[in-house]
Structure formats: structure tokens, C-alpha cells
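**Q**
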Amino acid sequence: MGQLEGKAAIVTGSSRGIGAEAAKLLAAEGAAVVVNYRQKAPRANKVVAGIEAAGGRAVAVGADLTSPEGPAALVDAALESFGTLDVLVLNASGGMETGVGDDYALKLNRDAQVNMLTAAAEHMKPGSRVVFVTSHQAHFINTVPTMPEYEPVARSKRAGEDALRARIPQLEEKGITLVVVSGDMIEGTVTATLLDRANPGTIEARREEAGRLYSVEEFAAEVARMALADVPTGHTEYVGGADYLSA
């Protein structure tokens, strides 16, 4: 019996990368998981198939979190498929993609996070946990400069974190805790790849500065662990990047 047996989780942006790995780990602890994707249904279905092959339960749900109906679609899927919602992992983020509007980063990294939390919290029971996934580059943006190419995204993610933290008093009234997981640059993520493409050598330079960078699997394990960790609401779990912590 896993620690999440009988519980259900939504992991946003979980058709690949950190979200997909976190979804698998939560399922391994017994959680039934809503695997969220925006466009890549085959990827999400593959994640679901892997969870089911390992004896878990999962469902793939396409939803654009920046749309008015996106967050509700995920909550409805959890309740209709599994009858409960106990863990919300806010992993989806972006803003460096081509062909998106100038305000897309704020829409996704701030507004959509708040809308997703609002939709989910209405149905989460006391003892439930919300995990917001961010980066050191965003979390520390007000005190530690980041690359110009990433600064708008970093500031939008910091705005999202601040907006979520502002909801802690209301969440406490419901018995729901909010935890933030902040990580250094992660090897193999889309963001790291795009940054390295925009500024060649970025990943190698950061690896030399930090000593080592976490892999997607290693960071996802920390995200999944914080869904269960005995920590107070508002806690920030730092993963890698010791130089940020001493700045």
C-alpha cells in the first residue's frame, strides 16, 4: 500500500518531462493521476499506459490552462474518474515558445496557476496538498539576475508564485497546504534546451558554476516527495544551486 492509496492527483503539463515523471511516481505511491496535456495526446497516452502497465490508474486529459474552461476540465476529470482530488501539482509553465503573444507568459505562469488552484481547492478535502514547481532563476529573480532571454518568463513565474502564496490564508481555512519546489536549471528540460539554443553554452556554463545539474528524473522525484512531505504550508524546497542560497 502506497502513501497515496485511495487518493487522486492532477499533474499539470505532464505529457513529458518533469510532469510525466512526477505523475508516474505519484501513481507508484497509489495515487490515481490525471495526466494533463495541451496538444500532444500521444505523449500523454503513453504516460497513462506506462502507469497502467505498472498497476496504477491514470487518465489523460487535454486542457489548455490559459483557457476559461481548462482548469475545470481537469478537476471534473479527477472527480468523475476517481471520485476525489487530494494532490495538485502545478508543473505546467512556458513563455519561451515561438508564436505566442507577449502576454502569454503571464497568462500561463501567473493567471492560469491561480485559476487552476481556485478550481481545484473548491473540491479538495482537509489534508490535501498543492505543489507549485518553479526554478531558482524565477524564485530568486528579485535578488539574483538571470539571462535576458529568460527574464520575462522568470518574472512571470515569480508573479505566479507570489499570487499563489497570497492564497495561503484561504487554503489554510480549508486545511489545504501549499508547498513550493524550486530547482536550479534541470538537464533535459524544454526550457534548458531553448535557453541553450538562444545562448549557446548556457547549460555547460551553469553546470560548471553549480558543480552539477539535476536530471529530469531526479528533480521529479523531489517534486513527488513534496506531495507527501511533512512540511508546513508555505515551505520552499530548494533543489540544487547552492550558490543561489548563499547569494
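By our numbering, the letter at position 208 of the sequence shown is numbered 194, and the numbering carries on one by one without gaps.
Backbone N, C-alpha and C define an ideal beta-carbon position, used for all residues, glycine too.
None of the values given here were measured: they were computed from a predicted structure.
Would you call the CB atoms of Gly5 and Gly(-12) closer than 8 Å?
**A** Here residue 5 refers to the residue found at position 19 when the sequence shown is read from its first residue. Here residue -12 refers to the residue found at position 2 when the sequence shown is read from its first residue. For Gly5 and Gly(-12), no; Cβs fall outside 8 Å.
**Q** By a C-beta neighbour count over all protein chains shown, 10 Å radius and 16 as the cutoff for buried, is Pro57 buried or exposed?
**A** Your numbering for residue 57 matches position 71 in the sequence shown. Its Cβ being crowded by 16 or more others within 10 Å, Pro57 is buried.
**Q** From Thr117 to Ile162, what distance separates their C-alpha atoms?
**A** The sequence position of residue 117 within the sequence shown is 131, counting from 1. The sequence position of residue 162 within the sequence shown is 176, counting from 1. The question names Thr, yet the displayed sequence has Val at residue 117. Approximately 11 Å between the Cα atoms of the pair.
**Q** Specify the secondary structure class of Val209 as computed by DSSP and reduced to three states.
**A** Taking the first residue of the sequence shown as position 1, residue 209 is located at position 223. Looking at Val209 - three-state DSSP - the assignment turns out to be helix.
**Q** Can you check DSSP and say which residues form a bridge with Tyr200?
**A** Counting from one through the sequence shown, the residue named residue 200 turns up at place 214. The partner list for Tyr200 (beta bridge, DSSP) is empty, contrary to what the question assumes.
**Q** Considering only residues of the same chain and omitting the five flanking positions on each side of Ala206, which have a CB-CB separation below 6 Å?
**A** The residue labelled residue 206 in the question sits at position 220 within the sequence shown. Correct list, in chain order: Ile4, Glu7, Ala8.
**Q** Applying the 10 Å Cβ sphere with the 16-neighbour rule, what's the burial state of Thr188?
**A** Taking the sequence shown and counting its residues from 1, the one referred to as residue 188 is at position 202. The residue in question, Thr188, is buried, as its Cβ has 16 or more Cβ neighbours within 10 Å.
**Q** Contact check, His125 vs Arg144 under 8 Å by CB: the rounded distance?
**A** Taking the first residue of the sequence shown as position 1, residue 125 is located at position 139. Taking the first residue of the sequence shown as position 1, residue 144 is located at position 158. Right, their Cβ atoms sit about 7 Å apart.
**Q** Restricting to Cα atoms, I'd like to know which of Val176, Gly41, Ala59, Ala40 is closest to Ala49.
**A** Stepping through the sequence shown from its first residue, residue 49 is reached at position 63. Per the Cα distances, Ala59.
**Q** Distance, Cα to Cα, Thr179 vs Ala(-5)?
**A** Mapped onto the sequence shown, residue 179 falls at position 193. Mapped onto the sequence shown, residue -5 falls at position 9. Distance between the alpha carbons of Thr179 and Ala(-5) is about 28 Å.
**Q** Based on DSSP bridge pairs, tell me the residues matched to Ala(-6).
**A** The residue labelled residue -6 in the question sits at position 8 within the sequence shown. Answer is Ala18.
**Q** Let's see if you can read the secondary structure: which residues bound the alpha helix (DSSP H) around Leu181?
**A** On the sequence shown, residue 181 is found 195 positions in, with the first residue counted as 1. Note, Leu181: alpha helix (DSSP H), 176 to 184.
**Q** Considering only residues of the same chain and omitting the five flanking positions on each side of Glu135, which have a CB-CB separation below 7 Å?
**A** Numbered from 1 along the sequence shown, position 149 holds the residue referred to as residue 135. Answer for Glu135: Leu181, Ala184, Asn185, listed in chain order.
**Q** Give the straight-line distance between the Cα atoms of Asn31 and Ala46, rounded to the nearest whole angstrom.
**A** Locating residue 31 in the sequence shown gives position 45, where the first residue counts as 1. Locating residue 46 in the sequence shown gives position 60, where the first residue counts as 1. Their Cα atoms are separated by approximately 6 Å.
**Q** Helix, strand or coil for Phe126, going by three-state DSSP, please let me know.
**A** For the purposes of this step, residue 126 is taken as residue 140 along the sequence shown, with counting starting at 1. Correct three-state label for Phe126: coil.
**Q** Secondary structure at Ser168, three-state DSSP: helix, strand or coil?
**A** As a working mapping, residue 168 is identified with position 182 in the sequence shown. If DSSP states are grouped into helix, strand and coil, Ser168 belongs with the strands.
**Q** What number of angstroms, rounded off, separates the C-alpha of Gly174 from the C-alpha of Pro54?
**A** The sequence position of residue 174 within the sequence shown is 188, counting from 1. The sequence position of residue 54 within the sequence shown is 68, counting from 1. Roughly 31 Å between the two C-alpha positions.
**Q** Taking DSSP as the reference, what is the three-state secondary structure of Arg144?
**A** As a position in the sequence shown, residue 144 is number 158, starting the count at 1. Of the three classes helix, strand and coil, the one that applies to Arg144 here is helix, per DSSP.
**Q** Can you tell me the Cα-Cα spacing of Asp89 and Arg29, whole angstroms?
**A** Position 103 of the sequence shown, counted from the first residue, corresponds to residue 89. Position 43 of the sequence shown, counted from the first residue, corresponds to residue 29. Those two C-alpha atoms are separated by around 27 Å.
**Q** What are the uninterrupted segments assigned as alpha helix (DSSP H) that are 4 or more residues long and contained completely in the segment 41 to 90, given in chain order?
**A** Listed in chain order, they are 56 to 68.
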